[in-house]
Structures are given as structure tokens and as C-alpha cells.
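Undergrad: Structure in C-alpha cells, see below.
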Amino acid sequence: LYAADAALAVADEASALPEATGDARSFRDLILAKLTYAVGKDPIVARDHDWLRALSLALRDRIVDRWMATTRGVYRMGGKRVYYFSLEFLIGRLLKDGLNNMGLLGTAREALASVGVDLDVIAELEADAALGNGGLGRLAACFMESMATVGVPAYGYGIRYENGLFRQNIIDGWQTESPENWLAYGNPWEFPRREVAYEIGFGGAVEASEGWDGSAVHAWKPAETVLAVAHDTPVVGWRGLRVNTLRLWSARSPDPISLDAFNAGDHIGALTARTKAESISRVLYPADSTPAGQELRLRQEYFFTSASLQDLVRRHLKQHREIRTLAQKAAVQLNDTHPAIAVAELMRILIDIHAMSWADAFALTRDTISYTNHTLLPEALESWPVPLLERLLPRHMQIIYAINARVLTEARAAGATDAMIAAVSIIDEGHGRRVRMGNLAFVGSHKVNGVSALHSELMKETVFRDLNTVFPGRITNKTNGITPRRWLMTANPGLAGLLRETIGEGFLDDAEKLVALEPFARDPGFQERFAAVKHANKARLAKTIQQTLGLRVDPAALFDVQVKRMHEYKRQLLNILETIALYNAIRTHPEKDWVPRVKVFAGKAAASYTSAKYIIKLINDVAKMVNTDPAVRNLLKVAFLPNYNVSLAEVIIPAADLSEQISTAGMEASGTGNMKFALNGALTIGTLDGANVEMRDHVGADNIFIFGLTAAEVEARRAKGLNPRANIEADPALAEVLDAVGSGVFSPADPQRHRGTVDNLTNSDWFLVTDDFTSYSAMQRRIDALWGTPAAWREKAILNVARMGWFSSDRTIRDYSDEIWGLPTVKVG
Ligand code: 73E
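Quick note on numbering: the sequence shown equals residues 9 to 837 in UniProt numbering.
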């Protein structure tokens, strides 16, 4: 009653507000009840943040009903559950996606409008949960949503970092980092479970004794213990039909303050043990596609892996009573090697705690676990020094040695040579003794997958060549995907609405039904409407660019976008060098009919990655000169948007005309941004790398701009010896660009600034920027030509949308379910 009175009071205040109807009225009442009783605010004085919290809690109530129904249903069925172990979940904001999946977006909008609140305004205030670095973390988030959608009962397991990925500030063109406090206003989506807590041990020693049958029994006596406390977030699938759980662990000291020290008056000293324990979940390691290497990182890995295994074993025993059936009821997927210690930890649990024999334990472990590899860069493969593991996890080190001995014996029996034995061994004897986490994950898994067809093939030829010989058939491919709910419906409501009107609702439940759009690709009426949606999205991005950079860009120009983590292998440098070549050409030939372009960049560099930070600076230096040069006459603008994250991606991607996916072939395992852009009607300029190869197969070679060396050609050139000087000599435009950059044309106050970047290209060029420059440049001019024929451009863009359905993560998850997890999935809708 009170809440209803409040609604009237609000309506009185602004009598011009629209009246809510039906569902919207009851949802409005729920929001008002939350505002009053959970937030403790009178609607008259409520601020935007209060409305956001009230709306989130109202939505959460609706979600929780479905959550409990799902959880109860899964328990009753007694079937298998998937456990997705990931050190990263890059989930971003949850409000709009939750409303969309619950079918409440329109209802919520109307309910809020009736009390004078704009949904879009308050949605912008939600913190962006950046518990991940880039593609690997975002993939985990897309998978969670797709598992709920296709009916795979699943738990995501990870760490509840207090500070997610750093905030990137661009100051005078340089990146600086500051902490991102995503929990500052509280987190309405999570449920702390103080009662779900596990002890995680570190250090100490292993005590061996004789068991009843004379066999050795091992007991690990850790020197240190940290508590892992669960925090649960519901994950809503499409149409709200199923809701799974993301369970993130927070570290707590079992002894919050040392009472003795506290009573003795040492208040600060009393807190140090606590601080050390809790530092485990303090911050996300900010390196992407590179190993972090520090002891704290290993502690994080073991912390969440052990807590998750203890949790799922407890759940299994509670429900099924019998540990031997674990693999029939639980599938553990390792997202890269970050949780690879799971192989040894599960063995420890089975042998030391459940008294299982070695052979049974190993068979059960292998049947339960599978591993996804995300990168081949040899320097990026995790390995830990043996002495560190011995000190931190002594029992696990013993188990790893024992696994290794058996694997090597097996390999020897199968005829492995000495070189093969060295490659297959979990212990790398080459660089000080180190534990290769990839090999550990491989031998402890029944399936090992790569994330695109090309990447999976390269896995068999490179890092896992010998393991693939000893264990043939274990490597399989599961090409990545993206959830169309977030990346089409939520991020691009304009396009989703147009598609609904044109081909009906089928594609909402099954993205592959987007093919129904093909007959409209050349339809002038449809093309106009399609272009109007793109234009509106570009106008929105133009506004963001104006607001954040004070730069005006024309939405009619070609929006050419490269957004992703800053990495040398992703070759943002190739893009900016070609931008400079275009700038030079515009100045030399002002009379030509140049296509107006806006070059958009965004992406974070790991704080310690100096050369990547110089590339950010170069882009900003070029932007400064190009954007203010009257000779360019607005034909070229360069914008580097700071602090790229999921929320910014949701604004940028729907506004792109051209998507840059230009990594050195063989180096980008898959890419997933490539898929998001194409699904939103951007054309791709890209190398034959990662999933670009399969995108070409699906959209058709005429509808994607492929250039540059293939992975095989890259390998051959590297084997033969690179020759960047010859490449530079052969392309005068490139030579001119490098001269300008190297001599300080873009950094007059500090002419030597970019000398290192240029020298590196001239002398080594490991990423083959100079090899691919000429073909990249030529392809950009072909793109200009196509832009001049809007009907032809739009036809290709529409065909991209129509043919990208296969890249839905629903398809990916069905493939994992069928071929790795042994689980049924359901049709959606
Ligand atoms: O190609 C991407 C891929 O699309 C790959 O670079 C990325 O994973 C994506 C999803 O499969 C990736 N991230 C990491 N390795 N590969 C990584 C490694 C260490 C730390 C953090 C991330």
C-alpha cells in the first residue's frame, strides 16, 4: 500500500508522466517497494543510483524465482553438471541483458517512465564488471549465458576480485592506470554465502605413513590456511527459461585478526596476516595472452581451483553418495591452464581423502577434466619453477612427479624417442626445472581443444605435436562463438528490431535463422532501413567521441575500427602506419576524391608492456596532427577512445563499417571481436588467422577483405630469416611513413620518441608488419572504392549479418556438450 502511495506522490509531482499499464504497473510497484524497503529512499528524493538499485533488485526477484526452479529441477533430474573453471569472467553490465533475457526490457522502460525515470540514463550508471582482461574472459561470460540458454546445467567458478581490470586514462597521449572499484556502490546481483567456505592450504609438509594394507598414505599438513567464501550470481538464459550460477570465491583469513597481537596493543601487526590472506582475491592480473609468473598468481590459481573442486565434490557426494560416479555427473572444463593445478588437486582429493587407488583416481580425473588452449605463443605458455611448487604445494608436486613417471613410461612403451620424451614431459628440464602447466592439463584431460579450426590444427603441429602422437585423437576443435543476446539484441536494438520486422522472431531463438535475411540483401528498401540503423548507431558513437575527446566526426564517413587489447601481434601498428600513409597521400593529392574515414582505436596495454604503450602514444600523436591539419579537410580523423571495456564495446561495435582483424597469421588463436562486428553489419579487413578463416568460409570470400601472408607463409619467412629492410625499400610509401615517424614528424617536442618503434621494425619485425604493409594498403584502397557504391557495400554488410549465425556461442556450447561433456542440450524457445 505504501509503495502504491509513493507512486501516486511521484505522479503528482509530475502530472505529465505517462500512465503505466498492465505488467508495467505491477513491475513499477515492485520497483517502488524495493526503493522504499531495500534502498530506504522516498521516491521524492531518490537519485539515479537509488533507482538503478531498486530496478536491479526488482529484476533480481523475478530472476531468483527462475533460479530456484532451475536449481531444484537440475537436482531432481540427477543429471550431469558442467563446471567452467576460469580465472576470468568479463561480464560487463548485467541490467539490460538481464531485462532483455527476462522479456522485461519494455516493461521496465514503461514502468520507470511512469515515475519520470529514463531507463537508458540509469542503466549507464551500472558498474562494468571487468573481472577479465580480454577475449578469454569475455568468452567465459558468453559461454555462461549460452549454457543457461541451451539448458546445460552449469556453474562458473572463478575469483571475486575486489579490483577488476585497471581503468585506463590517456594523459597527454600516454596510458596511465588507476584502480577500478566496481564494487563501490555495492553489487545488487550477488548473494554472499558466508556459510559456503572452504579451507585452502599453502606450504607446510607431507607426512607419509603406512596404510592398513601396507601401502603409503600421504597427509599434507599446510603451514598456512586461507578461507574461500562463495558469492553467487544468477546467470539468466534467453527467455529466462533457465538460470545457472556463477560462483566466485573471495579470500578471507580464518583468523581475521590475531587476537593475541591485538590485545597486546599491536593493532596494525594484528591485521597483517589477514591482509596477506585476503590479497589473494584483491586484484586481477592485468596481462592478456602472457603469463603473469608471480607467486601471488599461482596462489590465486590454486585458491579458486581447490575451492571449486572441494565444492563440486561435496555437492556430488551429498547427492550421489559415491565418489566413483563423479565423471558421470560432473564435467570440469579448464579455461586455459590457469586452473590446470586441478589435475593434481583432484588426484589429491581422490587418493589422500577418499582413499582411492592411483589407477582409479587417474582414470576418474581424466574422465572428469578437459582443457581449452587459447594461445600458442611459446612465451605465453604457463610454467612454474619446480622449487616454487615444492614450497607452496608440496603434495601436488609429488603427485605431478608420479603422473609424469607414468605418462613417460607409457610414451616410452609406445615407442617415443628421447626428443619426444623431453617434449611430452610435464617437467621442462631446459630452463631451470619448471612444471609445464599445458602438459599437465593435457595428460589429465580426456579432451583438449583449440578455439578455431586453424588454431586447433596448429596445436597439433607445434606445442602439442608429440603429445598428439602419444595421445592421438585427444585434440579437438571447438570454434569460439559470441552470445547474440548481448552482442545483437542488447547492444544493437535498432538492428534487432529491423530484423524482427523483416524475418520474424525465429532468429531470436536460433541465430542460424538469420539466413532468412539473404533474400533482402539487394532489396533497396531494406538496404535503406539497414543503412539508417547503422547511421543512428554511428551518430551515437560520434556523440561519445565528441564527449570524451572533444573531437567532431561525421557519421557519414567510413568508420574504420580496431578495438582489442594492445598487442604487437594484433598489429595496431600496421593500422596506424597505413593511416599515416593515407594522410601523406591526401596531402600529396588533395585533388583525388578521397573517402572520408574515421579511424577508431581503443584498447588497454598491460601496464608493463612498454612497446604497446608506445604504440598507444603514436596513435595519439598521429591523431593530434591529423585531426587539426586543415589540409586534410575532415577527410581523415583519428580517435583513440580511452578505457575500452565491455560497455564501450557495446557502443562502438554496432557503429562500425569496417572491422580490423589484422593479426600476424598464426598468432591470434581465434578472436571473438571479429564475430561481434560482422554480426552487427561491419565488413572485415583481416588476415587468414584464427576464426577469420571460418568467417570467410561462412560469409563468402566476396564479402570479406582478406589480405597478407598465410600462417604457413609466415612460418616459412621466419624460418628463412626476415628481411624488413627489403620490404621497406620495395614500398616507397612505407619508407616515407617510417622516415616521418622515426624523425619525429609526429612528436616534434621529442623527435626521438618513436625511434625505438621504427628501429625495431627495421631491424627485426617479428610480427611481419613490413611484409604485410603493401597488401594491407592496397586492400584499404579497394575498400574505398567499394564504399563509393553504397548498394554494393550494403549488400555485403547484410550478407555478413545473415551468415554469422553459426558463430553464436549457443552453437559452440552444443559442440562442447556433444563432443566433450557428454550432455544433452535443448532447443531454445
Ligand atoms: O585469440 C584470442 C581468443 O579469441 C586469444 O588471444 C585469447 O582467448 C580468446 C578466446 O579464446 C587468449 N587470452 C589468453 N590467451 N589467449 C590469455 C593468456 C594469459 C592470460 C590472460 C589471457
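For each residue, glycine too, the CB sits at the ideal point set by N, CA and C. For clarity, every value in this text was computed on a predicted model and none was experimentally measured.
Is residue 446 close to the ligand 73E? I mean its beta-carbon at under 7 Å from any heavy atom of the ligand.
TA: The answer is no for residue 446.
Undergrad: Quick one: what's got a C-beta closer than 7 Å to residue 9's C-beta in the same chain, skipping five residues either side?
TA: Its pLDDT being 49, under 50, residue 9 is placed unreliably in this model, and the coordinates cannot settle the point.
Undergrad: Could you give the residue range of the beta strand (DSSP E) that holds residue 343?
TA: Its beta strand (DSSP E) spans residues 338 to 343.
Undergrad: Could you name the residues of the same chain whose beta carbon sits closer than 8 Å to that of residue 830, not counting the 5 residues immediately before and after it, in chain order?
TA: 88, 339.
Undergrad: Comparing the CB of residue 576 with every heavy atom of the ligand 73E, is any distance shorter than 7 Å?
TA: The answer is no for residue 576.
Undergrad: I'd like the list of long-range same chain contacts for residue 277, defined as Cβ closer than 7 Å, with 5 residues on each side in sequence excluded.
TA: So the qualifying residues of the chain are 269.
Undergrad: Let me know if residue 36 comes out buried or exposed under the rule of 16 or more other beta-carbons within 10 Å of its beta-carbon.
TA: So residue 36 counts as buried.
Undergrad: Beta-carbon within less than 8 Å of residue 539's beta-carbon, same chain only, minus the 5 sequence neighbours each way: which residues are those?
TA: Here the set comprises 798, 802.
Undergrad: Quick check on residue 258: buried or exposed, where buried means 16 or more other Cβ atoms within 10 Å of its Cβ?
TA: Residue 258 should be labelled buried.
Undergrad: Here's the rule: buried if 16 or more other CB atoms are within 10 angstroms of the residue's CB, otherwise exposed. What is residue 760?
TA: Residue 760 comes out exposed.
Undergrad: Between which two residues does the beta strand (DSSP E) carrying residue 183 extend?
TA: Where residue 183 is concerned, the enclosing beta strand (DSSP E) stretches over 182 to 186.
Undergrad: Quick check: the segment 655 to 667 against the segment 419 to 427, are there 3 or more CB pairs under 8 Å?
TA: Flag = no, the segment 655 to 667 and the segment 419 to 427 do not touch.
Undergrad: Relative to the alpha-carbon of residue 511, which residue among 523, 583, 51, 641 has its alpha-carbon at the smallest distance?
TA: Closest by alpha carbon: 523.
Undergrad: Give me, in chain order, the residues of the same chain whose beta-carbon lies closer than 6 Å to that of residue 113; leave out the 5 immediate sequence neighbours on both sides.
TA: Counting only Cβ-Cβ distances below 6 Å, and skipping sequence neighbours, we find 107.
Undergrad: Quick check on residue 756: does DSSP put it in helix, strand or coil?
TA: Residue state, collapsed to three classes: coil.
Undergrad: One question on the structure: do residue 311 and residue 165 come within less than 8 Å of each other, judged by their Cβ atoms?
TA: Not a contact, by the Cβ cut-off of 8 Å.
Undergrad: Report whether the distance from the Cβ of residue 485 to the nearest heavy atom of the ligand ZN is below 7 Å.
TA: Looking at this structure, you won't find the ligand ZN anywhere; what it does contain is the ligand 73E.
Undergrad: Using a threshold of 7 Å, is the CB atom of residue 299 nearer than that to any non-hydrogen atom of the ligand 73E?
TA: Residue 299: yes, Cβ under 7 Å from the ligand 73E.
Undergrad: Cα-Cα, which of 372, 611, 444 is closest to residue 301?
TA: For residue 301, the nearest C-alpha among the options comes from 444.
Undergrad: Just to check, is the beta-carbon of residue 719 closer than 7 Å to a non-hydrogen atom of the ligand 73E?
TA: Outside the cutoff, so no.
Undergrad: Using the Cβ count rule (16 or more neighbours within 10 Å means buried), how would you classify residue 39?
TA: It is buried - the Cβ of residue 39 has at least 16 other Cβ atoms within 10 Å.
Undergrad: Taking the beta carbon of residue 91 as the centre, do at least 16 other beta carbons fall within 10 Å, making it buried, or is it exposed?
TA: Under this definition residue 91 is a buried residue.
Undergrad: Please give me, in chain order, every unbroken run of the alpha helix (DSSP H) with length at least 4 that falls completely inside the segment 35 to 105.
TA: Fully enclosed alpha helix (DSSP H) runs of 4 or longer: 56 to 85.
Undergrad: Since residue 154 and residue 601 should fall inside the 8 Å C-beta cutoff, what is the C-beta to C-beta distance between them, to a whole number of angstroms?
TA: 45 Å between Cβ atoms; not a contact.
Undergrad: Grouping DSSP H, G and I as helix and E and B as strand, with all else coil, what is residue 9?
TA: Residue placement at residue 9 cannot be trusted, given a pLDDT of 49 that sits under 50; what the coordinates show is reported in the next sentence. Coil at residue 9, not helix or strand.
Undergrad: Where does the unbroken alpha helix (DSSP H) through residue 792 begin, and where does it stop?
TA: Unbroken alpha helix (DSSP H) run through residue 792: 777 to 795.
Undergrad: Does residue 287 come out as helix, strand or coil in the three-state DSSP assignment?
TA: Looking at residue 287 - three-state DSSP - the assignment turns out to be helix.
Undergrad: Who pairs with residue 309 in a beta bridge, going by DSSP?
TA: DSSP, once it has assigned bridges, lists no residue as partnering residue 309.
Undergrad: Under the criterion of a Cβ to heavy atom distance below 7 Å, does residue 678 qualify as lining the ligand 73E?
TA: Within the cutoff, so yes.
Undergrad: Below 8 Å on the Cβ atoms is my guess for residue 578 versus residue 671; work out the distance and round it to an integer in Å.
TA: Residue 578 to residue 671, Cβ: 5 Å. Contact.
Undergrad: Got a sec, what are the start and stop residues for the beta strand (DSSP E) residue 239 sits in?
TA: Here the beta strand (DSSP E) through residue 239 covers 232 to 244.
Undergrad: Should residue 635 be counted as a contact of the ligand 73E given a C-beta to heavy atom distance under 7 Å?
TA: Not under cutoff, so the answer is no.
Undergrad: Hey, is the segment 673 to 680 in contact with the segment 482 to 500, meaning 3+ C-beta pairs nearer than 8 Å?
TA: Counting Cβ pairs under 8 Å, three or more are found: they touch.
Undergrad: Buried or exposed for residue 85, please, with buried defined as at least 16 other CB atoms from any protein chain shown within 10 angstroms of its CB.
TA: Classification for residue 85: exposed.
Undergrad: Does residue 220 pass the burial test, meaning 16 or more other C-beta atoms within 10 Å, or should it be called exposed?
TA: So residue 220 ends up on the exposed side.
Undergrad: If I'm right that residue 32 touches residue 119 with Cβ under 8 Å, what's the distance once you round it to whole angstroms?
TA: Their Cβ separation, rounded to whole angstroms, is 4 Å, which keeps residue 32 and residue 119 in contact under 8 Å.
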